[in-house]
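Taking it in order: structure first as structure tokens, then the write-up.
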Amino acid sequence: MSKKDILIAYLLRLGDNALVLGQRLTEIVAAGPELEEELANANLALDYLGQARMFYSYAGELEGKDRGEDYFAFLREEGEFRNLLLVEQPNGHFGDTIIRQVLFDIFYLLQLDALQSCSDERLAEIAAKAIKEIRYHLRHGRQWMIRLGDGTDQSHQRVSDSVQHLWMYTGEMFATDALDDAMRKEWDGPDLALLKERWQAEVAQMLDEATISLPDGDWAADGGKQGRHTEHFGYLIAEMQHLQRVHPGLSW
Amino acid sequence: MADKNWPLYEVFIRSKSGLSHRHAGSVHAADDEMALDHARDVYTRRNEGISIWVVRSSEIVASDPAESSALFEPATDKIYRHPTFYEIPDGVENL
Amino acid sequence: MYTQGLDQKGKKSDGPAPVESTERLAAFQARVDAEEKIEPKDWMPEAYRKTLVRQISQHAHSEIIGMQPEGNWLTRAPTLRRKCILLAKVQDEAGHGLYLYGSGETLGTSRDQMIDDLLIGKAKYSSIFNYPALTWADMGAIGWLVDGAAIMNQIPLCRCSYGPYARAMVRICKEESFHQRQGFEIMLSLSRGNQAQKDMAQDALNRWWWPSIMMFGPSDKDSKHSAQSMVWKIKRFSNDELRQKFVDVTVPQAEFLGLRVPDDDLKFDKKAGHYDIGEIDWQEFYEVLKGNGPCNRQRMAKRQKAHNDGAWVREAARAYAAKQADKKAA
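Protein chains in written order, with my numbering: chain A, 1 to 252; chain B, 253 to 347; chain C, 348 to 677.
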């Protein structure tokens, strides 16, 4: 892979994570537990979608094949999407939504922080902008995790279950593959082993504050980063891409 | 307390450095931190602010409209508090 | 300030409410006539308070229910830009509901009470939202027509006599203008697209035109509340006046788009300077209002489900806050 191709592929992974999680959050509009949370959820989704657009647009520019953000979002096949399995998990109940996001955002924040000092100026700029948004996401998510964990017996049970069943998707974030390695070597990208340590420490502390037990077991599902998804993904993509597939090549 | 509601908070926003906080509206929240977040999410989406105050609505002490005349009318005839009351003759500068 | 209307339960009463003497009522009316704003702690006739609570809560419910037809297309928006814009719009609608519930709360009710009334079917919301959003073009039609009609209604409300409602309306109107523009922009793109897109736009206009006309409500002679609301300056223009204004403004826009308004009787009266429209099918309006519209049950079910699904979350937040408060006190 050329140095440029490495950057493009990495940008698409970043865009895919943001897009898929943003899309998941658009599914729960008008279903939130309180009006203020509707506004919060929309802000979170707008942040992710905005980040996806930045990553995709930049990838398209680098590619030079005249393909923009909408090509990457609406015209790629399932297997071409390289998002983490974690972000494509269904919304479930409010606890599931919060935990999925917190587990991802803690990683994403560390990843963006590392990318601020990568050797591509433009990616570093995008990371610097996105990191402010994700800091706010974590403020929101962390507080909710604690409220639910240390709220009622029912909320504690529910959110503990959320952590338990989402845990198997967290390993993939740190499973260094060829692209992660190449990104680190060629572009001073993140060192996932380092990120893993920090992530584990932060998550342990947050779970403790929320009175949720740290799951044991280190079985990690994977495949997302290589384009092998869970069964949920087909439906997500079908819904999202529907119009562009039925009416190809038009302006909207 | 059997109250089902999250308490009501009043929200004040400082729109830019140098200006005072102004009342923007209200939000419901279960606690103070949540109230700040909600105020941020609801009232600053269009760059309306750089600083937020939230106060439990029940903490606000307000003047009673029934007493308005006693509270506010006495000030209306003390016009000598306004600089325009004073006539400065032509030729006098810096006054 | 807003202290009066909040958490009335448990507050010691200051004694019996002042009698609604003719003097008090006259003094109140004089204030309204002089364009003075009535604020939360001011004396007001009980009927004024009641009618405001009804109108404000209906307005708030409409915003919240209105999130649903558009929310349905968020996951299917055809471009990322459209997705973001539509999401920002729907978010605004949640915000509008919030501002309106807030102004309602200054009148001695609570958000929970207003929502309960909606869920048991006691309170109404604008029946326009009981129509289905069937295609992407509906997003254009809703923004252009439904928000357009709403703006006609809302701008005069910025000058309504009740302070908190007027101020909420000012904030809402500022945000609403982008809503209509994005809808029109969608229609414009479609009308400049291929035949399938043009057909989609025409089809949406065909389905949303009459419901939008009906949004302004029946002619004032048939409307229960109009006359008193006008006297109290809660309503500033008649239903028919606003409807006429909407038609006059919107028909040229449809012509610009190259779309046909689905009204065989539509014609421009040169002398009057207005468009005349055909007969409105009020039977449909009343059926939809009664609960027999295509989406009434679905809209309410979704709202009810969200409310129910969220109960454990709201409770958990309160429980946590109480624990923290106890820790602090200890």
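Ideal placement from N, C-alpha and C gives every residue a C-beta, glycine not left out.
Beta-carbon gap between residue i and residue j smaller than 9 Å
i, j, result
"C/I385", "C/S576", "no"
"C/I560", "C/E523", "no"
"C/T456", "C/I581", "no"
"C/Y448", "C/S404", "yes"
"C/A480", "C/E440", "no"
"C/Y472", "C/S573", "no"
"A/L112", "A/F55", "no"
"A/H289", "C/D656", "Outside the shown range of chain A (1 to 252) lies residue 289 of chain A, about which nothing can therefore be said."
"C/I624", "C/L613", "yes"
"A/E78", "A/H229", "yes"
"B/R308", "B/P259", "yes"
"A/L21", "A/K225", "no"
"B/Y295", "B/V279", "yes"
"B/A318", "C/W390", "yes"
"A/M206", "A/V102", "yes"
"A/T26", "C/L434", "yes"
"C/L589", "C/F615", "no"
"A/G255", "A/F81", "Here chain A has residues from 1 to 252 only, and residue 255 of chain A is not among them."
"C/D587", "B/N257", "no"
"C/L535", "C/L492", "no"
"A/A127", "A/L138", "no"
Chain B contact residues for residue i, given Cβ-Cβ distances below 7 Å
i, result
"A/E231", "Going along chain B, no residue has its Cβ under 7 Å from A/E231, so there is no contact; the nearest lies around 33 Å."
"A/N43", "D293"
"A/H140", "D289"
"A/L39", "D293 and V294"
Burial state of residue i, where buried means 16 or more other Cβ atoms lie within 10 Å
i, result
"C/Q544", "buried"
"A/G32", "buried"
"A/L214", "exposed"
"B/P326", "exposed"
"A/A178", "exposed"
"C/H621", "exposed"
"C/G352", "Below a pLDDT of 50, predicted positions are generally treated as unreliable, and C/G352, at 32, falls in that range; no measurement from the model is reported."
"C/T482", "buried"
"A/E133", "buried"
"C/P387", "buried"
"C/Q549", "buried"
"C/V660", "buried"
"B/G270", "exposed"
"B/V263", "buried"
"C/V379", "buried"
"B/A254", "Reliability fails at B/A254, whose pLDDT of 40 lies under 50, so the model's placement of it is uncertain and no value is given."
"C/V366", "exposed"
"A/G151", "buried"
"C/D361", "Confidence in C/D361 is poor, its pLDDT being 49 and thus under 50, which makes the residue's placement unreliable; the coordinate value appears in the next sentence. Classification of C/D361: exposed, given that the 10 Å Cβ count is below 16."
"A/S2", "exposed"
"A/L194", "exposed"
"A/D16", "buried"
"C/A677", "exposed"
"C/P511", "buried"
Partners in chain C for residue i, counting only beta-carbon separations shorter than 8 Å
i, result
"A/D150", "Y667 and K670"
Proximal residues of chain C, C-beta to C-beta of residue i below 9 Å
i, result
"A/L49", "L427, K430, C431 and L434"
"A/R53", "L427, R428 and C431"
"A/W199", "Ordered by position in chain C, no residue passes the 9 Å Cβ test against A/W199, which lies about 25 Å from the chain."
Chain-ordered neighbours of residue i on chain A, where CB pairs are closer than 9 Å
i, result
"C/G530", "Those do not exist, as C/G530 stays about 13 Å from chain A at its closest Cβ, beyond 9 Å."
Chain B contact residues for residue i, given Cβ-Cβ distances below 8 Å
i, result
"A/E34", "W258 and H280"
"C/L454", "Simply none; closest approach about 13 Å."
"A/Q143", "E285, M286 and D289"
Contact set between residue i and chain A, taken where Cβ atoms lie within less than 8 Å
i, result
"C/S536", "S251 and W252"
Interface residues of chain A facing residue i [CB-CB closer than 7 Å]
i, result
"C/A663", "R147, L148, G151, T152 and S155"
Q: Would you check if the region 232-250 of chain A and the region 274-289 of chain B touch, i.e. whether three or more CB-CB distances between them fall below 8 Å?
A: no
Q: Assess, as a yes-or-no matter, whether the region 527-540 of chain C is touched by the region 604-624 of chain C under the definition of 3 or more beta carbon pairs within less than 8 Å.
A: yes
**Q.** the region 629-648 of chain C / the region 469-483 of chain C touching (three or more Cβ pairs under 8 Å)
**A.** yes
Q) Does the region 43-51 of chain A come close enough to the region 115-122 of chain A that 3 or more CB-CB pairs lie under 8 Å? A) no
Q: Count the CB pairs spanning the region 168-176 of chain A and the region 137-144 of chain A that are closer than 8 Å, and state whether there are at least three.
A: no
Q. Is the region 578-592 of chain C in contact with the region 500-514 of chain C, if contact means three or more CB pairs nearer than 8 Å?
A. yes
**Q.** Touch test, the region 97-112 of chain A against the region 147-163 of chain A, Cβ-Cβ under 8 Å, three pairs minimum
**A.** yes
(Q) Would the region 299-308 of chain B count as touching the region 429-444 of chain C if we require 3 or more Cβ pairs under 8 Å? (A) no
Q: Report yes or no: do three or more beta-carbon pairs, one from the region 54-69 of chain A and one from the region 460-472 of chain C, lie closer than 8 Å?
A: no
Q) Taking the runs of the alpha helix (DSSP H) that are 4 residues or longer, which of them lie wholly in the region 606-637 of chain C? A) 629-634
Q | Those runs of the alpha helix (DSSP H) which lie wholly inside the region 387-443 of chain C and span at least 4 residues | A | 393-418
Q. When the Cβ atoms of the region 122-129 of chain A are set against those of the region 627-637 of chain C, are three or more pairs found closer than 8 Å?
A. no
(Q) Between the region 63-75 of chain A and the region 421-429 of chain C, can you find at least three pairs of beta-carbon atoms closer than 8 Å? (A) yes
Q. Which whole runs of the alpha helix (DSSP H) in the region 445-519 of chain C are 4 residues long or more, in chain order?
A. 458-466, 483-488 and 494-504
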